[in-house]
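If you read the sequences in order, they're chains A and B.
According to our numbering, the first sequence holds residues 61 to 172 in order.
According to our numbering, the second sequence holds residues 61 to 172 in order.
Following: one structure in structure tokens, then a few remarks.
2 protein chains.
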Amino acid sequence: MNQEFINKWISQVKKGTLTFIVLNILKNGKEYYGYDLISEIKKNTAIEIAEGTLYPLMNRLKAENLITSKWVEQDSGIPRKYYNITNEGVATLKSMNTYWNELNNSILKISK
Amino acid sequence: MNQEFINKWISQVKKGTLTFIVLNILKNGKEYYGYDLISEIKKNTAIEIAEGTLYPLMNRLKAENLITSKWVEQDSGIPRKYYNITNEGVATLKSMNTYWNELNNSILKISK
DNA sequence: CAAAATACATAGTATAACAATGTATTATTG
DNA sequence: CAATAATACATTGTTATACTATGTATTTTG
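Here you go:
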């Protein structure tokens, strides 16, 4: 078993998956800021996202109108950029969910 | 819903996933040749793999000693390159399966 | 006999995750 | 109280992989 290979593979599996995870976390309307999303994802999925991965990802989602963002000043500390999912984001996530479920069912079949 | 975005996303989701699918198809010891794998995958998963994706993928798997290959002349037609999974391939696939299942369970939780 | 299908292969492009690095503020700890 | 860690944002360069396009060669089909 080649741990080096597995690590590279895991990094590849994250491509696309992270988008899917972030939209799923945002889909119920609760807003999150970037740093918070990283720990929320770590808590729920045992996936560690580097900051250098998350921030560009959020920018791409915003550029595609799947999320919005707004700066919120804090009483103390660094301002946070909060993200909200858009209607288009919800609709897109729905398509993703369909694809993901089909993919996973096929893999379940061939992997047993 | 942004079909352009969805298509790009699906292409990203395939990264890593294709490796996982190919190893899963080979894992029972039955050997396949490249062109055959493409149609087998299409049949089982509704995923279309371009030839320009599959052949480099198989070369990577071979370079990592996860599969072997051998040329087999045909009575008629073009020779085929048949692939077999190695013991290392089986062991690696086992780790992948563990990761895949955990990932998928977490996503199921956050996506409901 | 031309076109499609079979069967292999490679070169160039696009995309996304990651490591490294940077700025700035606040909290912790020795 | 000063050094370190944690919080919170961001960007640049590297790496890996899927895809498009293209190529070769044989066989089957209309």
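Note that CB positions come from ideal geometry on N, CA and C, so glycine has one too.
Remember, predicted model here, so these are calculated numbers, not experimental data.
Among A/Tyr-93, A/Tyr-95, A/Ile-81 and A/Leu-121, the one whose alpha carbon lies nearest that of A/Asn-104: Stepping through the first sequence from its first residue, residue 104 of chain A is reached at position 44. That would be A/Ile-81, whose Cα lies nearest to the Cα of A/Asn-104.
With 16 other Cβ atoms within 10 Å as the buried cut-off, status of B/Ile-138: Reading the second sequence from its first residue, position 78 is the one you call residue 138 of chain B. With fewer than 16 other Cβ atoms inside 10 Å of its own Cβ, B/Ile-138 counts as exposed.
Minimum Cβ-Cβ distance from B/Gly-76 to chain A less than 7 Å: By one-based count along the second sequence, residue 76 of chain B stands at place 16. At a cut-off of 7 Å between beta carbons, B/Gly-76 contacts chain A.
B/Thr-77 versus A/Ile-107 - alpha carbon distance: Indexing the second sequence from 1 puts residue 77 of chain B at position 17. Indexing the first sequence from 1 puts residue 107 of chain A at position 47. The alpha-carbon atoms of B/Thr-77 and A/Ile-107 are separated by roughly 17 Å.
Bounding residues of the alpha helix (DSSP H) (the contiguous stretch that carries B/Thr-105): Position 45 of the second sequence, counting from 1, holds the residue named residue 105 of chain B. For B/Thr-105, the enclosing alpha helix (DSSP H) stretches over residues 94 to 105.
Pick from B/Ser-99, B/Ile-85, B/Glu-124 and B/Lys-172 that is closest to B/Asn-157, judged by C-alpha positions: The residue you call residue 157 of chain B lines up with position 97 of the second sequence. For the residues B/Ser-99, B/Ile-85, B/Glu-124 and B/Lys-172, the minimum Cα distance to B/Asn-157 belongs to B/Ile-85.
Neighbour list for A/Ala-106 in chain B, Cβ cutoff strictly below 9 Å: As a working mapping, residue 106 of chain A is identified with position 46 in the first sequence. Correct list: Glu-162, Leu-163 and Ser-166.
Close Cβ partners of B/Tyr-92 (< 8 Å) along its chain, the five nearest in sequence each way excluded: Position 32 of the second sequence, counted from the start, is the residue given in the question as residue 92 of chain B. Excluding positions up to five away in sequence, the list reads Ile-85, Leu-86, Glu-100, Tyr-142 and Tyr-143.
Inter-residue Cα distance where the pair is B/Thr-146 and B/Ile-127: The sequence position of residue 146 of chain B within the second sequence is 86, counting from 1. The sequence position of residue 127 of chain B within the second sequence is 67, counting from 1. Looking at the two C-alpha atoms, the distance is approximately 5 Å.
CB-CB length for A/Leu-153 against A/Leu-83, believed under 8 Å: Your numbering for residue 153 of chain A matches position 93 in the first sequence. Your numbering for residue 83 of chain A matches position 23 in the first sequence. So it is a contact: roughly 4 Å between Cβ atoms.
Cβ-based neighbour list, A/Arg-140, same chain, cut-off 6 Å, excluding 5 preceding and 5 following: Numbered from 1 along the first sequence, position 80 holds the residue referred to as residue 140 of chain A. Excluding positions up to five away in sequence, the list reads Tyr-93 and Val-132.
Below-7 Å beta-carbon distance, A/Ser-171 vs any chain B residue: Sequence index remark: in the first sequence, residue 171 of chain A carries index 111 (1-based). Chain B, which has a Cβ nearer than 7 Å to the Cβ of A/Ser-171, makes this yes.
Every unbroken beta strand (DSSP E) within the segment 70 to 154 of chain A, with a cutoff of 3 residues, ordered by chain: Every unbroken stretch of the beta strand (DSSP E) spanning 3 or more residues and falling wholly within the segment 70 to 154 of chain A is given here in chain order: 127 to 132 and 140 to 145.
Residue burial classification, A/Leu-163 (beta-carbon count within 10 angstroms, cutoff 16): Numbered from its first residue, the first sequence carries residue 163 of chain A at position 103. With 16 or more other Cβ atoms within 10 Å, it is buried.
Helix, strand or coil at A/Asn-161 [DSSP, three-state]: For the purposes of this step, residue 161 of chain A is taken as residue 101 along the first sequence, with counting starting at 1. In the structure shown, A/Asn-161 sits in a helix (DSSP, three-state: H, G or I).
As assigned by DSSP and simplified to three states, the class of A/Asn-67: To locate residue 67 of chain A, count along the first sequence from 1; it is residue 7. In the three-state DSSP reduction, A/Asn-67 falls in the helix class (H, G or I).
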